[in-house]
Amino acid sequence: MSFGGREDELWEAMKPSFKPRLVSDPNLKYARHLVNGSGPFASRSLATSRTQGDARATLARVVRRAPEVLVKVTGRKKGAKHLAAHLDYIGRHGDIPLETRDGEQIATKEEAHRIADEWSDPLYWRQGTTVSAVAMVFSMPAGTDPETVKQSVREAAEKMIGDNHDYLMSLHTDTPRPHVHLTVQAEGVDRKRFDPRREDLFRFREAFAEALRSRGIEAEATPRYTRGQGRAGTSMALTQLRARIRSGASSQPTEADLRQAREAMQVALGRAEQPVFVSKTRARWQDTMRRYEAAAERLGRSPEHDDRDLARDVRQFLQERASIETIPDRMLREAEARVREAQERTRSDPAQDRSVPRGTPPPPTRRR
1 MSFGGREDEL WEAMKPSFKP RLVSDPNLKY ARHLVNGSGP FASRSLATSR TQGDARATLA
61 RVVRRAPEVL VKVTGRKKGA KHLAAHLDYI GRHGDIPLET RDGEQIATKE EAHRIADEWS
121 DPLYWRQGTT VSAVAMVFSM PAGTDPETVK QSVREAAEKM IGDNHDYLMS LHTDTPRPHV
181 HLTVQAEGVD RKRFDPRRED LFRFREAFAE ALRSRGIEAE ATPRYTRGQG RAGTSMALTQ
241 LRARIRSGAS SQPTEADLRQ AREAMQVALG RAEQPVFVSK TRARWQDTMR RYEAAAERLG
301 RSPEHDDRDL ARDVRQFLQE RASIETIPDR MLREAEARVR EAQERTRSDP AQDRSVPRGT
361 PPPPTRRR
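Here it is, written out as structure tokens:
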């Protein structure tokens, strides 16, 4: 069904907006839109007809918990040696074939190293160390057909990268989540550099999800706040370090976790306030909930049975996510629990030193 005047409002709650980055003369782009009838001069009826179906379908996938695609930049490889080491890693030292943009398989380390040299040689004239390639990873939850994931990544790469940049891809199935490593040559045929930013990565996510849906796999690309989740805010390096800690390979806590624990303890003791982004996150989720509730109200009045079913699912989704929890919220909850435990120990042991602030961790023991 159509949401009428609320179409744009609902769409903004499910898809992010980005500030435009001017990378060329804006007057030329304006003139091109004016001549071609695109951009701000595009037919509004075509844009509206496209988003009316998209908004309802996207809302249904969000509230029915369709798997979210993951696309990340895992690194930028500088120089032939750095790139060759990366290709060895994603090719598992020759055990997993690398596929080129044209579908040709690179099965030996020697061929991969030759490509690394070819991608890096044209950059010799640039001053300093220059990025030869950008490494990306595309991932889906466990249970997704790996071959479908690979074909969907190829389609997304053809759509987003085209023929201007060469690239290699490798499918990995050694983890529960099937994922594809995509390594893109930084220097394009037209000398433009491949340097994806937040908006570009989101477009990659959308293209990946659309390719999966065209192959019968439900998938969506929406921001975390759309689903009532706090922002991740975690780099790949920090994620890998925390994984090593959980697996027992390392017992040293990360500096980021220690800092968050100290800040949460200060908030729990009433000596500091929660970060500003926490309150902004809650306000944003309240606004998103308001838009979802308006959509559910409109769907509930529809004569179509499918629309009324979707309205029920939207309300159930909002009931299960009455509030949003950020990382500082979770750390604060744990800090408050430690403060309560310290207070209970103080009440049960009157001889404890009252001059020590409640909830203060004990001093480290010194070895002589």
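The UniProt record's numbering applies: residue 1 is where the sequence shown begins, and numbers increase by one.
C-beta atoms are modelled at their ideal positions from N, C-alpha and C, and glycine is treated no differently.
1) Ignoring anything shorter than 4 residues or poking outside the segment 57 to 111, list the alpha helix (DSSP H) runs there in chain order.
2) Taking all protein chains shown into account, do 16 or more other C-beta atoms lie within 10 angstroms of the C-beta of A296, making it buried, or fewer, making it exposed?
3) By Cβ distance below 7 Å, which residues in the same chain neighbour A47 in space, the five residues on each side in sequence not counted?
4) Between L87 and T183, is the Cβ-Cβ spacing less than 8 Å?
5) Where does S214 sit, in a helix, a strand or coil, going by DSSP?
6) Mind checking which residues open and close the alpha helix (DSSP H) that includes M152?
7) What is the C-beta distance between H165 and Q151, in whole angstroms, given that I count them as a contact (C-beta under 8 Å)?
8) Measuring CA to CA, which of H181, K109, T173 and E187 is closest to T130?
9) Let's see if you can read the secondary structure: which residues bound the beta strand (DSSP E) around H181?
10) What is the DSSP secondary structure of A55, counted as helix, strand or coil?
11) Tell me where the beta strand (DSSP E) around A135 begins and ends.
12) Report all residues from its chain with a CB closer than 6 Å to the CB of residue 375; omit the five preceding and five following residues, and keep chain order.
13) What does M169 pair with, by DSSP beta-bridge criteria?
14) Can you give the beta carbon distance from F208 to V73, rounded, assuming they're within the 8 Å contact cut?
15) So, does the segment 138 to 154 touch the segment 200 to 215, judging by three or more C-beta pairs under 8 Å?
16) Does the beta-carbon of S348 have 16 or more other beta-carbons within 10 angstroms, so that it is buried, or is it exposed?
17) Would you kindly report the start and end of the unbroken alpha helix (DSSP H) that includes F317?
18) Give the DSSP-derived three-state secondary structure of residue 370 in the structure shown.
19) Using only CA atoms, which one of Q316, V339 and V71 lies nearest to G270?
20) Once you ignore the five residues that flank E9 on each side, which residues in its own chain have a CB closer than 7 Å to its CB?
21) With DSSP as the reference, identify every bridge partner of E220, one or two as the case may be.
22) Measure the alpha-carbon distance for E320 versus G91 and round it to whole angstroms.
23) Confirm, please, whether the CB-CB distance from V137 to H93 is below 8 Å.
24) Based on Cα-Cα distance, which residue from A84, M289 and M169 lies nearest to E99?
25) Please state if the CB of G79 and the CB of S139 are separated by a distance shorter than 8 Å.
26) Closer than 8 Å by C-beta to V308: which residues in its own chain qualify, once you throw out the five before and the five after it? Chain order, please.
27) Assuming D163 is part of the alpha helix (DSSP H), what are its boundary residues?
28) So is F18 buried or exposed if we call it buried at 16+ other beta carbons inside 10 Å?
Result, derived from the coordinates:
1) If we require 4 residues or more, the alpha helix (DSSP H) runs fully inside the segment 57 to 111 come out as 79 to 90.
2) buried
3) Because A47 sits at a pLDDT of 39, beneath the cut-off of 50, its placement in the model cannot be relied upon, and the following sentence gives the value as read from the coordinates. If the five residues before and after A47 are omitted, its C-beta is found closer than 7 Å to no C-beta atom of its own chain.
4) yes
5) DSSP places S214 in helix when its eight states are reduced to three.
6) Note that residue 152 corresponds to Ser in the displayed sequence, not to Met. P146 to M160 is the span of the alpha helix (DSSP H), which, as asked, contains S152.
7) Contact flag wrong, Cβ pair sits at about 20 Å.
8) E187
9) H179 to Q185
10) helix
11) It spans V131 to S139 - the beta strand (DSSP E) in which A135 sits, taken as one unbroken run.
12) Given that the chain is displayed from residue 1 to residue 368, the structure contains no residue 375 and the question cannot be resolved.
13) Paired residues: E99 and L182.
14) No, F208 and V73 are not in contact; Cβ-Cβ is about 14 Å, not under 8 Å.
15) yes
16) exposed
17) H305 to E320
18) Missing from the structure shown is residue 370; the chain here goes from 1 to 368 and no further.
19) With respect to the C-alpha of G270, the residue from Q316, V339 and V71 having the closest C-alpha is V339.
20) R291
21) E68
22) 43 Å
23) no
24) Taking only the C-alpha atoms, the option nearest E99 is M169.
25) no
26) The residue you asked about is not Val; residue 308 is Arg in the sequence shown. If we look at R308 and ignore the five residues flanking it on each side, its Cβ neighbours are L299, G300 and S302.
27) Element bounds for D163: n/a, residue is neither H nor E.
28) exposed
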